Structures are given as structure tokens and as C-alpha cells.
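So the protein sequences, as listed, match chains G and D.
Going by the numbering used here, the letters in the first sequence line up with residues 47 to 372, in that order.
Going by the numbering used here, the letters in the second sequence line up with residues 93 to 425, in that order.
Idealized CB from N, CA, C, for every residue including glycine.
If you're wondering where the values come from, they're calculated on a predicted model, not measured in any experiment.
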Amino acid sequence: MEMTYIKAINSALMEEMRRDENVFMMGEDVGELGGAFKATEGLLEAFGEERVIDTPISEALIVGAGIGAAVLGMRPIVEMQFADFISCAFDQIVNMAATTRYRHGGRAECPLVVRAPSGAGIHGALFHSQNPEAWFTRVPGLKVVAPATVYDAKGLLKAAIRDNNPVIYFEHKRLYRSIKEDLPDADFTVPIGAAEIRKEGTDLSLITYGGTLGQSLDAAKIVEKEDGLAVEVLDLRTLLPLDRDAILATARKTGKVLVVHEDRLTGGIGGEVAAIISEHAFEFLDGPVRRLCALDTHVAFSPPLEEAILPNTNKIVDAIRSLAAY
Amino acid sequence: MAAGIEFTTALPDKEHSLNLLHQMIRVRRFEEKSAELYSAGKIRGFLHLYIGEEAVAVGAIAALDPDDAIVATYREHGHALVRGISANSIMAELYGKQEGCSHGRGGSMHLFDAATRFYGGNAIVGGGLPIAIGLALADKLQGRSRVTACFFGEGAVAEGEFHECMNLAALWKLPVLFCCENNLYAMGTALKRSESEVDLCLKASSYEIPAWPVDGMDVVACEDAAQKAVLAVRSGEGPFFLEFRTYRFRAHSMYDPQLYRTKEEVEEWKKRDPISTFEDRMHQRKILDDDELAGIEKQVGSEIAEAIEFAEAGTWEPIEALTRFVYSERPAQ
Ligand SMILES: Cc1ncc(C[n+]2csc(CCOP(=O)(O)OP(=O)(O)O)c2C)c(N)n1
């Protein structure tokens, strides 16, 4: 069936709640309102108030309550209305959820999913535009995923719900209604920890995820047509744990790597990817690993500033050309 | 503490009444225009309108001195206007132009102006409360008798920060005036669906903070309550909590189907429109005639028209400046 990215999230939630009665949802306005973005529309009607729970505006509590319920064998999916507010629940995620299993010597589990609508490009200004994934990708015990396609939006969410660890699921707001795909009717999941080649190429590797995959593929098409460059595009899909094999394979294949993400440059995933490559594929490189990311500033409201801060197709084209010419 | 408190409902003198009316009409028309500009694509992103709640900001801020501080939420156009940030610079901010009060970087939700002691515009629910504690703490430590008025919606009461702030403000006797704007809904969630105790004054009282409920649709009651509370706060008695019972007439942000409340309920509250009811009362007291009202509308109309012109003529901040203001440009002290 053809559906949008947000519909794919919605249908994953529907199907998983139907499949496993331990799965339930909590969050601000997820029930009666169907979510600020309508990701949870229809769930309350389908499953009732006991499984689709509207909460007060209490992010730390929402996550913490999810942890408690998860320890007792339930599979909570909690929603942060915007990823920007996940910082209000930082302690519960980083200190509590991530360490539950370890602290209890493996005797307790925390199968929790935190859904977090992230990303800029909607004129949301500083507190409705963030990409906070890298705050979490250095926390052992967590898994972090960031789907870039409609198929992955559904498959990764299902995988996250079935996973026995806390998973943070970053969904990109700009993709909600801007991309569509025909999805199989049969049940499917997308494995956590596996990157995916979206386009084969031999001249240069472009490694990306989430909101910048579409722009990266557009840019790859442009340079293919105008410059005859064959760019390989690798979609990370999971940010923790990273698919090191896939990263190294494409780096060894093309010898030139550009990492693109909408999160900021400093401390972003791109740095980790570059480090993995320089440690393990140095002798294959024909140039420096380059990064094209949001600038190290806050996402301004001013539309031209926002545009200038974020990566886009043209900037990616330029970065590819510059690295190809190295 | 709440029991037995009577606020003045008698109208102030003509001049002051006209002033209150003028301010409420300014806020209303400014936001109606902003909504139009939003539909026209001139203003983008999020736009939270205060329409219906004007009496609260107008009344409460009228009770403050110019050097008292204000902390507000993302629904703060009215507070900013009443406080004295110019309509020009607010409108330019809504457009994202560098002539705006936050240089066009913050937009509608992040108005800021240190000159008028307006410390945001805070888009994180509950995020402004601890800042207010800090402003008040600094005043206390530095021996000034200033008051910090902190506005927040009733939804913020669910955040842990609210309780942390209530406790500390009371414990340290900080000069904070907590102004809870209870419009009954936090986005789509009615107060009774999110709080076990819906009497918000009782919550504040449990922290030993004097707390009064106030008719937030009556600008006179709002001002009177705020004046009495400010007096107590300024005299060093510690914080005060006012629960302004009010209602937002429009959607939470620009679009929302509003299935969480009935049309009848909205219509019922609109009968208590703070502007039209105040006009009626002024008419009855014969301190407002049609010419005076037309005069206010005209003045407000031209102020807003000028603000739009100013915003339209405003400029985008140059791209080269975009990492500016991330860090201080002053030498370390
Ligand atoms: C920490 C945080 N959580 C959630 C949100 C999303 N959000 C924005 S406004 C709002 C409702 C707030 O309601 P209330 O405090 O009653 O103020 P009102 O909007 O009614 O003025 C929510 C949940 C946010 N901005 N910040």
C-alpha cells in the first residue's frame, strides 16, 4: 500500500500493538489529539485509554514510567512531542534506561522505545528544530535509529519495539508528508545495526542518514549527469551501534568519503565515522574524509539564516565536486 | 489565603480605563494582523495567539514598575507589547528580520529585550520558571527591591521544574510573582485530564506561597490582584501566586481542529471577551464614547500598519553573521 512516512509510523504502531498486548503508548496528546503531528491518530479508538495514554507535560516522568513498565515485561513506546524536549528527560534516558540491564547484572531488561520527532527546515527556530541524536550515540546500553525512508520508518520502528533494549527512534519531521512509498502488506522489520547502500558507485562514498538522505541522492544524481561521477550512497539507518562493516566496505571501495548529516558538525556522528575509517581503512583512502553538516550554531528562525545553517542539495553537490577533485 | 479575598471590580478613572482598553485592543489587533500575515506566508513557523487572554497581561503588567522583570512563554506577543517593546521590533521579529527584538533569530516564540527587562519568550514549557528564580535571586543578593513576574500556562504545572521553583521561591523568600495563565487546555489536554488537584492555588499554598484565583477575563480584577500581590512581594514577604482564569479563543497554534472542546464552550467564553465586556462597562459608566473608541482603533491601526511596513522594509541578517552571538564577544571579566 502506498503511504507517507508518518503513516508508516502510524501503521507500525497499529500492527505492533495488535501483535503484542504488552505494547502500549504514552505521551503528551498522543491519545485524544492523535499526536501533535498525527502520528498516533486512530490508536486511542483502536486500543482504548489503557494502552494509548495521554500524559501531563512531564517528559522525565514519561520516560521514567516507561522504564518501570518495561522492567516488568511491558513494551512501552513513549513519545517526546518534539525531539527538542528529550533533554528534559535526559537523566532518565542516559542514567536510568541505558544502565538498567548492566546495573542489575543482566537480571532486568528495559525494552523501551522513545520516539522523537527531530529535524529542522520547518521554521521552528531553536527549540523545535534540533537533531539531538549525538547526545545519545555515546551511551552504551542505548540503541539509536534514524529512518530516512518510508519503508525504514515502519521496519525500524517495528524492530525497535521488538528489541529488548531501550531504543531511541528519531523520526524526521520534514519527511512526514513529503515522501511516499509503496509498502508490502506483509509484516516486515528492518534490522537494527544494518546500514543500506541506496545507490552503488565507484568514485566516492557519501555516508548519511535521516533527513539528508533524499538530498544526498539528489546530489548524487546531479553529479552523475553533469560530471560523470559515480557516487555510492550509504544510509546508516542505525546510529548506535554503527554498521562498521558497511562503512569500511564503501570507504575501501571508493577511497573517498563524504559524510553528510543535519546534526551539527562538532561531536556529530560524522566524526565517529571518519575515525572508524581512518583507523581501519587508512591505506585505501585517496583523500581526507570530509563532513558536510549543520554549522556549529543554533538553528535560527530567520529563513535565510536557517537555510545557510543546514545542508542542502546544492551544498552537497559542491562538497562532492570538491572532494572528487582532491 | 485565597478565601475571602475581594478584588476591586470598580472601574478606575477614565484616563486609566482608556489606557487599559487601548492596551488590550493593541494586543488583539496586532495578533489578528499577525494571523493574516501568517496565512499570507509572511510569518512562518509557529504562531501562538493570546486572543481572549489579553486582560491578564494588560492588567498584571500595569501593576509592575518599569524595572521589574518579566519572563513569559511562547504565547508572549501581548506581554511584549504591553511591556513596551515596540510593535515595530516585535513584528520584524515575527518576520525573522534583523531589526527584530531578537535579531530575527528567535521569531514569535523567543521575543527578548533586556532594555525593558523582558527575559523571553521561552518555548520550553516550564523552562522560564527557574530563570525567574535566578532573576529574583540576583535582585535579592544585590539588594534591589525589584519584582520578577513569571507567566506560564497551567500545563507547566505538570513539569517538575514548577514544583522545584515553588519550593525554592518560598524557602528563600524570593521576590517572584507567579502568574499562572489557566486557559484550561494545554494543547489538547484539559486540566482535569492532567492534574489530580485542579485547584492550582491549593498547589501553591502547599508550598506556603499565598495564592489567589483571579478572573482573568476582567482587566480590572487582574490589575488589582497583581497590584496587591506585587506590594507584598516588593515588601520582602516572598513570592506570590496568582491563578488567572482565562480562555484562549483560537487554536493552540495556528491550526488545530479543536476537537478537545465544544463550540458551545468557546462561544460561552467569548461572551466574556475581556475587551467587549470592558467597553460595555465603560460605556455604562459613560467614560467611553464612540469617538474615543474609534480614536483608539485608529491609533492602534496606524501603529500596526507602521509595524508591518517596518517589518517588510526590514533586512535579513547577512549570512556571514550566522555564528555570531554563539559566544560572548566581550573579554573575560
Ligand atoms: C518541555 C516541553 N514539552 C512539551 C512542549 C510542547 N508544548 C508546547 S505548548 C504545550 C502546551 C502548554 O500548555 P499551557 O502550559 O497550558 O500553555 P498554553 O499553551 O495553554 O498557553 C505543549 C505540550 C514544549 N514546548 N516544551
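Got a sec, what are the start and stop residues for the alpha helix (DSSP H) residue i sits in?
| i | result |
| --- | --- |
| Thr369/D | 366-376 |
| Thr300/G | 290-300 |
| Asp342/G | Asp342/G -> no alpha helix (DSSP H), and no H or E assigned at all. |
| Phe243/D | Careful: Phe243/D lies outside any alpha helix (DSSP H), inside the beta strand (DSSP E) at 240-245. |
| Pro163/G | Segment 159-164 is the beta strand (DSSP E) holding Pro163/G; no alpha helix (DSSP H) there. |
| Phe254/D | 252-263 |
| Leu59/G | 51-65 |
| Gly112/G | 105-117 |
| Asp231/D | 220-233 |
| Gly317/G | 315-326 |
| Ala147/D | 146-154 |
| Val312/D | 311-324 |
| Gly186/D | The question names Gly, yet the displayed sequence has Leu at residue 186/D. First-last of the alpha helix (DSSP H) with Leu186/D: 179-187. |
| His169/D | 169-175 |
| Ile268/G | 259-273 |
| Ala296/D | 292-298 |
| Arg310/G | First-last for Arg310/G: 303-310, but that is the beta strand (DSSP E), not the alpha helix (DSSP H). |
Quick test of your reading: residue i and residue j, contact by CB under 8 Å. State the CB separation rounded to the nearest angstrom.
| i | j | result |
| --- | --- | --- |
| Leu229/G | Val196/G | 7 Å |
| Met239/G | Pro212/G | Residue 239/G is actually Gly in this sequence, not Met. Actually they do not touch by this definition, with Cβ atoms about 15 Å apart. |
| Ala58/G | Leu259/G | In fact, because the Cβ distance is near 19 Å, the residues do not count as touching under 8 Å. |
| Ala50/D | Phe332/D | It is not possible to answer for residue 50/D, since the shown part of chain D is limited to 93 through 425. |
| Gly165/G | Glu308/G | 6 Å |
| Glu248/D | Ile132/G | Note that residue 248/D is Ala in the sequence shown, not Glu. At roughly 18 Å, the Cβ-Cβ gap does not stay under 8 Å, so Ala248/D and Ile132/G are not in contact. |
Kindly indicate which three-state DSSP category residue i falls into: helix, strand or coil?
| i | result |
| --- | --- |
| Ser251/G | strand |
| Phe341/D | coil |
| Arg184/G | coil |
| Cys193/D | coil |
| Glu273/D | strand |
| Gly134/G | Note on residue identity: the sequence assigns Cys, not Gly, to residue 134/G. Here Cys134/G sits in helix by DSSP. |
| Glu352/G | helix |
| Glu107/D | helix |
| Thr284/G | strand |
| Tyr142/D | coil |
| Pro158/D | coil |
| Leu229/G | coil |
| Asp381/D | coil |
| Lys200/G | helix |
| Thr208/D | helix |
| Pro102/G | coil |
| Thr202/D | It should be noted that the sequence gives His, not Thr, for residue 202/D. Helix at His202/D. |
| Phe402/D | helix |
| Leu266/D | coil |
| Ala95/D | Here the model assigns Ala95/D a pLDDT of 46, short of 50, so the residue's position is not dependable, and the following value carries that caveat. Coil, per DSSP. |
| Leu221/G | helix |
In the DSSP assignment, find the beta strand (DSSP E) that holds residue i and state where it starts and stops.
| i | result |
| --- | --- |
| Trp361/D | Element bounds for Trp361/D: not the beta strand (DSSP E) but the alpha helix (DSSP H), 355-362. |
| Lys134/D | Where Lys134/D is concerned, there is no enclosing beta strand (DSSP E), given that its DSSP letter is neither H nor E. |
| Glu217/G | 213-218 |
| Asn72/G | It is worth fixing the name first, because residue 72/G is Met in this sequence and not Asn. Run containing Met72/G: 69-73, per the beta strand (DSSP E) assignment. |
| Lys189/G | 189-191 |
| Arg97/G | Counting along the chain, Arg97/G falls outside any beta strand (DSSP E), and DSSP gives it neither H nor E. |
| Leu369/G | It is not in any beta strand (DSSP E) - Leu369/G instead sits in the alpha helix (DSSP H) that spans 359-370. |
| Lys84/G | Run containing Lys84/G: none; DSSP gives neither H nor E here. |
Would you check whether ligand 3 has a heavy atom nearer than 7 Å to the C-beta of residue i?
| i | result |
| --- | --- |
| Ala248/D | The model on display carries ligand 1 but not ligand 3. |
Can you confirm whether the region 369-381 of chain D touches the region 155-173 of chain D when touching is taken to mean that 3 or more C-beta pairs between the two stretches lie within less than 8 Å?
no
Taking 8 Å as the cut-off, does the region 314-322 of chain G touch the region 262-277 of chain G (at least 3 CB pairs, one atom from each stretch)?
no
Quick test of the definition: if touching needs 3 or more C-beta pairs under 8 Å, does the region 227-247 of chain G touch the region 334-346 of chain G?
no
Three CB pairs or more closer than 8 Å across the region 276-296 of chain G and the region 155-168 of chain G
no
Taking any Cβ of chain D, which residues in the region 346-364 of chain G have a Cβ under 9 Å from it, in chain order?
Ala346, Phe347, Ser348, Pro349, Pro350, Leu351, Glu352, Glu353, Ala354, Ile355
Tell me whether the region 336-354 of chain D and the region 143-154 of chain D touch, counting them as touching only if at least three CB pairs, one residue from each stretch, are closer than 8 Å.
yes
Does the region 111-120 of chain D touch the region 133-141 of chain D, meaning 3 or more C-beta pairs lie closer than 8 Å?
no
The region 207-233 of chain D: which residues have C-beta closer than 8 Å to a C-beta of chain G, in chain order?
Ala215, Ile216, Val217, Gly218
Answer yes if the region 301-312 of chain D comes into contact with the region 355-372 of chain D, meaning at least three C-beta pairs across the two stretches below 8 Å, and no otherwise.
yes
Okay, do the region 123-132 of chain G and the region 61-76 of chain G touch, 3+ Cβ pairs below 8 Å being the bar?
yes
Going along the region 92-119 of chain G in order, which residues come within less than 9 Å of chain D, judged by CB to CB distance?
Asp100, Thr101, Pro102, Ile103, Ser104, Glu105, Ala106, Leu107
Below 8 Å, can you find three or more Cβ-Cβ pairs linking the region 102-117 of chain G to the region 132-146 of chain G?
yes
Chain D contacts made by the region 137-169 of chain G, where a contact means CB separation under 8 Å:
Ile168, His169
Please determine if the region 226-243 of chain D and the region 253-266 of chain D are in contact, where contact requires at least 3 C-beta pairs separated by less than 8 Å.
yes
Listed from N- to C-terminal order along the chain, which residues in the region 266-286 of chain D have their beta-carbon within a distance smaller than 8 Å of any beta-carbon of chain G?
Ala278, Met279, Gly280, Thr281, Arg285, Ser286
When Cβ atoms are compared, which residues of the region 173-198 of chain G fall closer than 7 Å to chain D?
Phe173, His174
Positions along the region 184-207 of chain D whose CB lies within less than 7 Å of some CB in chain C:
Protein chains in the displayed structure are G and D, and chain C is not among them.
Measuring CB atoms only, is the region 205-218 of chain D touching the region 239-248 of chain D, in the sense that at least three cross pairs come out at less than 8 Å?
yes
Can you give me, in chain order, the residues of the region 242-256 of chain G that have a beta carbon less than 8 Å from any beta carbon in chain D?
none
Proximal residues, the region 52-78 of chain G versus chain D, C-beta separation under 8 Å:
Glu74, Asp75, Glu78
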